[in-house]
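Q: The numbering used here puts the first residue of the sequence shown at 113, with every later residue one more than the last. Note that the Cβ used here is the ideal one computed from N, Cα and C, for glycine as well.
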Amino acid sequence: MSERADVLVTRPIMEAPTAVLRERCDVTIHQNEFGIPREELLEVIGGRDAIITMLTERVDAEFLEAAGPQLKVVANHAVGFDNIDVAACSAAGVLATNTPDVLTETTADTAFALLMAAARRVGEGERFLRSKTPWIWGPLMMLGQDVHHKTIGIVGFGRIGQAVARRARGFGMRVIYADAVQLPPEVAAETGAERRELAELLAESDFISIHTNLTPETRHLFDAEAFRAMKSTAVLVNTSRGPVVDESALAEALENDEIFAAGLDVFEREPDVEARLLNLENVVVIPHLGSATVDTRNAMGELAVDNVFAALLGTRPPTLLNPDAFGG
Ligand code: DGY
């Protein structure tokens with residue numbers, strides 16, 4: 113990095129990692145509350161050496177061409193990278209990176225918060241009190257579902273899924289999981305998790321927490337048929353990616369009490385949310401806050417900056433997605 117590299121950050125990130133980046137690079141932070149419209153994005157990325165992207169920007173062949181041949185790295189400020197065409201990055205000789213690990217525990221906390229809130233009708237209770245409706249304690253008032261000692265089915269048992277399992281164990285829950293990969297014995301022992309086929313997991317679980325990547329195979333993995341297979345007392349939690357759930361089928365299942373409740377951090381057509389869901393009491397919705405804590409956003413920013421520095425120096429970025437673009 114003898115000359116100062118030209119780095120674009122597509123949205124403001126935390127101050128500390130921004131300051132570190134500025135020490136060694138010329139940094140442009142794009143200011144736009146609602147993200148960058150695609151045409152503007154394609155203009156502002158031209159000539160940059162490195163770009164820190166958010167999950168809201170699509171990085172594809174068009175993006176890479178607009179950026180130009182000097183681009184060395186696209187550092188996604190997210191663990192999920194379904195917004196990045198990694199093969200196109202490799203074809204263009206551009207390194208692609210993400211921010212795994214640093215947000216695992218925080219995202220698992222969010223999943224558990226949604227699980228508890230949906231099971232115990234926290235959002236509904238809050239809305240009720242704020243409506244100033246007269247009330248008095250009653251033995252049949254707003255009954256929810258117990259969490260402790262129930263069965264949780266975790267779909268996608270990677271880092272975040274396993275972190276949710278550890279929390280569930282603290283609640284005395286039985287943990288089952290569905291994943292293409294069989295757990296190493298030490299993880300199975302730590303989490304006490306047993307593997308199931310997805311169909312078995314749907315039928316057996318009191319709670320289902322989704323932690324899969326979004327791929328063509330997992331798009332609408334949770335559809336009308338999946339909801340019919342679940343218990344009528346079941347609670348669904350999604351902190352992965354919205355399109356894994358068919359939102360209109362979910363609204364239907366919740367309207368018809370096919371399942372008890374849902375807790376959602378992510379949405380199929382983000383930032384839009386299926387209007388029917390917003391009219392239902394048995395849904396808890398938050399605006400993609402999975403990793404949104406001060407510490408974790410600092411850590412994500414730091415990791416993205418480390419990835420940029422490594423790529424600019426010609427060394428291997430710590431969390432590289434396309435080793436083939438680095439020479440294997
Ligand atoms: C991610 O990192 O993929 C989350 O969805 C946002 O923090």
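Is the region 184-194 touching the region 409-416 in the sense that three or more CB pairs, one from each, lie closer than 8 Å?
A: These segments touch.
Q: Identify, in the order they occur along the chain, each residue of the same chain with its Cβ nearer than 6 Å to the Cβ of I164, setting aside the five sequence neighbours on each side.
A: The answer, listed in chain order, is V121, A187, H189 and A416.
Q: Given that a residue counts as buried once 16 or more other Cβ atoms are within 10 Å of its Cβ, and exposed if not, what is V293?
A: exposed
Q: Taking only runs that begin and end inside the region 292-350, name each unbroken beta strand (DSSP E) of 3 or more residues, in chain order.
A: 319-322 and 347-350
Q: I'd like the list of long-range same chain contacts for G147, defined as Cβ closer than 6 Å, with 5 residues on each side in sequence excluded.
A: T168
Q: Which word fits N419, buried or exposed, when buried means at least 16 other C-beta atoms lie within 10 angstroms of its C-beta?
A: buried
Q: List the whole-angstrom C-beta distance separating N185 from V206, where the pair is believed to meet the contact cut-off of C-beta under 8 Å.
A: Looking at the sequence itself, residue 185 is Val, so the reference to Asn does not match. Going by Cβ atoms, the distance from V185 to V206 rounds to 7 Å, so yes, they are a contact pair.
Q: Can we count V214 as close to the ligand DGY, meaning its CB is less than 6 Å from some heavy atom?
A: no
Q: If we ignore side chains and look at the alpha-carbon of each, how far apart do I264 and F421 end up?
A: 41 Å
Q: Going by CA-CA distance only, name the one from Q143, E309, S403 and E370 that's closest to D335.
A: E370
Q: Tell me which residue opens and which closes the beta strand (DSSP E) that L252 is part of.
A: Counting along the chain, L252 falls outside any beta strand (DSSP E), and DSSP gives it neither H nor E.
Q: At a cut-off of 6 Å, is A223 close to the ligand DGY when judged by its beta-carbon and the heavy atoms of the ligand?
A: no
Q: So what does DSSP say about A374, is it helix, strand or coil?
A: strand
Q: Just curious, the alpha helix (DSSP H) that G282 is in, first and last residue?
A: R271 to G282
Q: Measuring straight from C-alpha to C-alpha, what distance separates N325 and L389?
A: 23 Å
Q: Does the beta-carbon of V299 have 16 or more other beta-carbons within 10 angstroms, so that it is buried, or is it exposed?
A: exposed
Q: Quick one: give me the first and last residue of the beta strand (DSSP E) that L120 is part of.
A: A117 to V121
Q: Let's see if you can read the secondary structure: which residues bound the alpha helix (DSSP H) around R286?
A: It is not in any alpha helix (DSSP H) - R286 instead sits in the beta strand (DSSP E) that spans R286 to A290.
Q: Beta carbon of I288, beta carbon of R308: below 7 Å?
A: yes
Q: Using only the heavy atoms of the ligand DGY, determine whether one of them is closer than 6 Å to the beta carbon of G375.
A: no
Q: Over the uninterrupted beta strand (DSSP E) stretch that includes E207, give me the two end residues.
A: According to the sequence as given, residue 207 is Leu; it is not Glu. Segment L207 to T209, the beta strand (DSSP E) holding L207.
Q: Say yes only if the C-beta of V349 is nearer than 6 Å to one or more non-hydrogen atoms of the ligand DGY, and no if none qualify.
A: no
Q: Report buried or exposed for E359, applying the criterion of at least 16 other Cβ atoms within 10 angstroms of its Cβ.
A: buried
Q: So A223 packs on G256, CB below 8 Å; how close in whole Å?
A: Between G256 and A223 the Cβ distance is about 17 Å, and since that is not below 8 Å, they are no contact.
Q: Please work out which residues of its chain come closer than 6 Å, Cβ to Cβ, to S352, disregarding the five sequence neighbours upstream and downstream, and give them in chain order.
A: I322, H323 and T324
Q: Hey, how far is the Cα of R278 from the Cα of A179?
A: 43 Å
Q: Pairing CB atoms from the region 425-438 with CB atoms from the region 207-214, are three or more of them under 8 Å?
A: By the C-beta criterion, the region 425-438 is judged to be in contact with the region 207-214, since at least 3 inter-stretch pairs fall below 8 Å.
Q: Would you report the Cα separation of E155 and L376, rounded to the nearest angstrom?
A: 34 Å
Q: Quick check: does the Cβ of G192 come within less than 6 Å of any heavy atom belonging to the ligand DGY?
A: yes
Q: Classify L314 as buried or exposed, calling it buried when 16 or more other Cβ atoms lie within 10 Å of its own Cβ.
A: buried
Q: My output table needs one value for L392: the three-state DSSP class, helix, strand or coil.
A: coil
Q: Determine the direct distance from the alpha carbon of F269 to that of P296, and round the result to whole angstroms.
A: 11 Å
Q: If you compare alpha carbons, which of V406, V139 and N144 is closest to R160?
A: V139
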